[in-house]
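Down below is the structure, laid out as structure tokens.
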Amino acid sequence: MSKIRVLVGTKKGAFILTADGARKNWKISGPHFAGWEIYHLKGSPVDPNRIFASQSSGWFGQIIQRSDDGGKTWNTPGSSPEELKGPGGFPKGESNKFVYAGKVGTHKFYDGSQHPWEFKRVWHIEPSLTNPDVAYAGVEDAAIFKTADGGKTWKELPGLRQAKGNLWQPGAGGMAVHTILLDPKNEKRIFVAISAGGCFRTDDGGKNWKPITKGLKSPYELPDPDAEVGHCVHRIALHPSRPDVLFMQKHWDVLRSDNAGDQWNEVSGNLPTDFGFPIDVNFNEPETIYVVPITSDSLHYPPDGKLRVYRSRTGGGEWEPLAKGLPPKNCYVNVLRDAMAVDALDKCGVYFGTTGGQVYCSANDGNSWSAIAEHLPPVYSVEVQTLK
Amino acid sequence: MIRVVLPFHLRNLTRVEGEVELEPVAPVTICAVLDALEEKFPALRGTIRDHGTLKRRAFIRYFACKEDWSLEPPERQLPDEIIRGDEPFLIVGAMAGG
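These protein sequence lines are chains A and B, in that order. No gaps in the numbering here: position 191 of the first sequence is 179 in our numbering, and each next residue is one more. Every position in the second sequence, counted from 1, becomes a number in our numbering once 164 is added.
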């Protein structure tokens, strides 16, 4: 029988939830890395027991952790005794060394002035679909790094910041590459999203990137609502069977593209509000997508205090509320952009975490929900592994 | 032998309980203590001082013999009490209250 492993990153550590394919009885382990902010954990599709974690702290900076046994034990990559010494006899310890390539340069700051790029933390780690030693890291200030040695060392793919990076600017949460999507049919193609830089694509493995923002409109955030960069893209998602079809939750607006981002069209339809953070796609139904509407950019909680996921079975445009099992009133949590994921079982499991410390699971495409963890620290990220 | 006290998060990271004991290269300066500490625990590289510049991270403080050494030159020799191991060298996360 299949097994599900849910990787939860929170403000004060990581938690790992496991259950069999029925997804009813859950075991929780953690907190791992207690007291540290865990922005993201994600397992390798090639070797599911290999899990990368981004551990950080405003005091002590960035740490990269890796488990090779499904989260039972963790180490900073490159910390085995034979790997510790560099040529000069000094310790390597470089798994947390994220240095921008070349001239650092500047980006637009909150006040419109230019500000130097400063590394703060890793928001998102995306392991390769084909090589367990390769992974990409999306970082704040916005850039993408790559490791080819299992996380021991990281190098920037600087072409991304050359895509008009001087015009990107931080949103309220900072300026980070928060989404990295790898095209399962074309290993040279990668999509990333940045708040508030926009959405970008490379077709040559990360050397050159171009903005893919045609059709996005940001009339209240940008002086030119149709600008090529600067849009506050909150999250993008794709279904592995159709990587040219992208879905986007923008600051305002839900959109889709049928040509790998070359053109976007709004599909907010009858959503009660089209502000929100996460968006994801049902594993078995590529036209079924999920969002969590949030009242507004000033009110980061669900409309009327009712926590509801909205589902479209038509790839957007027509939406239905999914409320069974979710708080019907007095709920004022948020669901962050990396805090929703799906499993790969026949009845697709949908999972999301809240800033109130709940992790909800639906084992039936979203029709009904139950809390599989409660009272955790605020949830930053949720990833799901479907294990054989 | 130098005694070093790490803050909770770094003890957690290095899986150390209690104090760390080090034998830094003389002269025993802040820099020498941190070099020895990072050699023993490479995971600490970048957490106390910047990888490239070796500059102290903004929210890290150094205390020695009831004095704040955070702004002292890294090459300044530490007090004899620290060098003899009578007193620990404290690496502290800057206070965050509320």
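Even glycine gets a Cβ: it sits at the ideal position worked out from N, Cα and C. Values in this document were obtained by computation on a predicted structure and should not be read as measured data.
Looking at B:P252, B:E181, B:E236, B:V197, the one whose alpha-carbon comes closest to that of B:P188 is B:V197. Using a Cβ-Cβ cut-off of 7 Å, B:L174 is close to F48 of chain A, given in chain order. With respect to the C-alpha of A:K60, the residue from A:H95, A:A2, A:E106 having the closest C-alpha is A:A2. Bounds of any alpha helix (DSSP H) do not take in A:T6; it lies within the beta strand (DSSP E) bounded by 1 to 8. Using a Cβ-Cβ cut-off of 8 Å, A:T64 counts as an interface residue toward chain B, since at least one Cβ of chain B sits closer than that to its own. Residues of the stretch 205 to 226 of chain B with a C-beta less than 9 Å from any C-beta of chain A: F205, P206, A207, L208, R209, G210, T211, I212, D214, H215, G216, R221, A222, F223, I224, listed in chain order. Secondary structure remark: continuous beta strand (DSSP E) runs of at least 3 residues inside the stretch 239 to 293 of chain A, in chain order: 242 to 245, 263 to 269, 277 to 282. Residue pairing of A:E144 in beta bridges, as defined by DSSP: A:F133.
Beta-bridge analysis with DSSP links A:I168 to A:V180. Rounded to the nearest angstrom, the Cβ distance from A:A164 to A:W111 is 4 Å, consistent with a contact under 8 Å.
With its beta carbon at least 8 Å from every one in chain A, B:G182 lies outside the interface.
For A:K(-9), the enclosing beta strand (DSSP E) begins and ends at -9 to -2. It is roughly 9 Å from the alpha-carbon of A:D334 to the alpha-carbon of A:N352. Within the stretch 12 to 28 of chain A, the residues whose Cβ lies closer than 9 Å to some Cβ of chain B are F21, A22, G23, W24, listed in chain order.
For B:P206, the secondary structure class from DSSP, reduced to helix, strand or coil, is helix. Looking from the CA of A:N355, the closest CA among A:S369, A:A311, A:V122 belongs to A:A311. Among the CB atoms of chain A, none fall inside 8 Å of the CB of B:E251. Taking the beta carbon of B:A228 as reference, no residue of chain A falls within 8 Å; the closest one sits roughly 19 Å away. Taking 3 residues as the minimum length, the beta strand (DSSP E) runs contained wholly in the stretch 210 to 238 of chain A are 221 to 227, 230 to 238, in order along the chain. A:N318 is positioned such that its CB atom lies closer than 8 Å to that of A:G293. Contact check for B:A222 against B:F253 fails: the beta carbons are separated by 8 Å or more.
Its chain contains Y226 as the residues whose beta carbon lies nearer than 6 Å to that of B:W233, once the 5 sequence neighbours on both sides are disregarded; these appear in chain order.
Its Cα nearest to that of A:V255, the residue A:K238 stands out among A:G138, A:A327, A:K238. Contact annotation: A:P115 and A:G194 have beta-carbon atoms that are not nearer than 8 Å. A:H112: not part of any alpha helix (DSSP H); member of the beta strand (DSSP E) spanning 109 to 115, first to last residue. Spatial neighbours of A:P33 in its own chain (CB-CB distance under 6 Å, excluding positions within 5 residues in sequence) are listed in chain order as L117. Using a CB distance cut-off of 8 Å, A:N84 counts as an interface residue toward chain B. Ranked by Cα distance from A:D171, the options A:P231, A:G313, A:A184, A:R296 are led by A:P231. Neighbourhood of B:L177 in chain A, by CB distance below 7 Å: I51, in chain order. Where A:F40 is concerned, the enclosing beta strand (DSSP E) starts and stops at 39 to 45.
Nearest Cα to A:Y88 within the set A:V217, A:Y298, A:E106, A:D137: A:E106. When the beta-carbon positions are compared, A:V(-4) and A:G344 stay at least 8 Å from each other. A residue is called buried when at least 16 other Cβ atoms come within 10 angstroms of its Cβ; A:P207 does not meet this threshold and is exposed.
Here the alpha carbon of A:Q50 sits roughly 26 Å from the alpha carbon of B:T193. Note: A:I51 is bridge-paired with A:Q43 in the DSSP secondary-structure output.
Exposure of A:Y98 is indicated by the presence of fewer than 16 other C-beta atoms within 10 angstroms of its C-beta.
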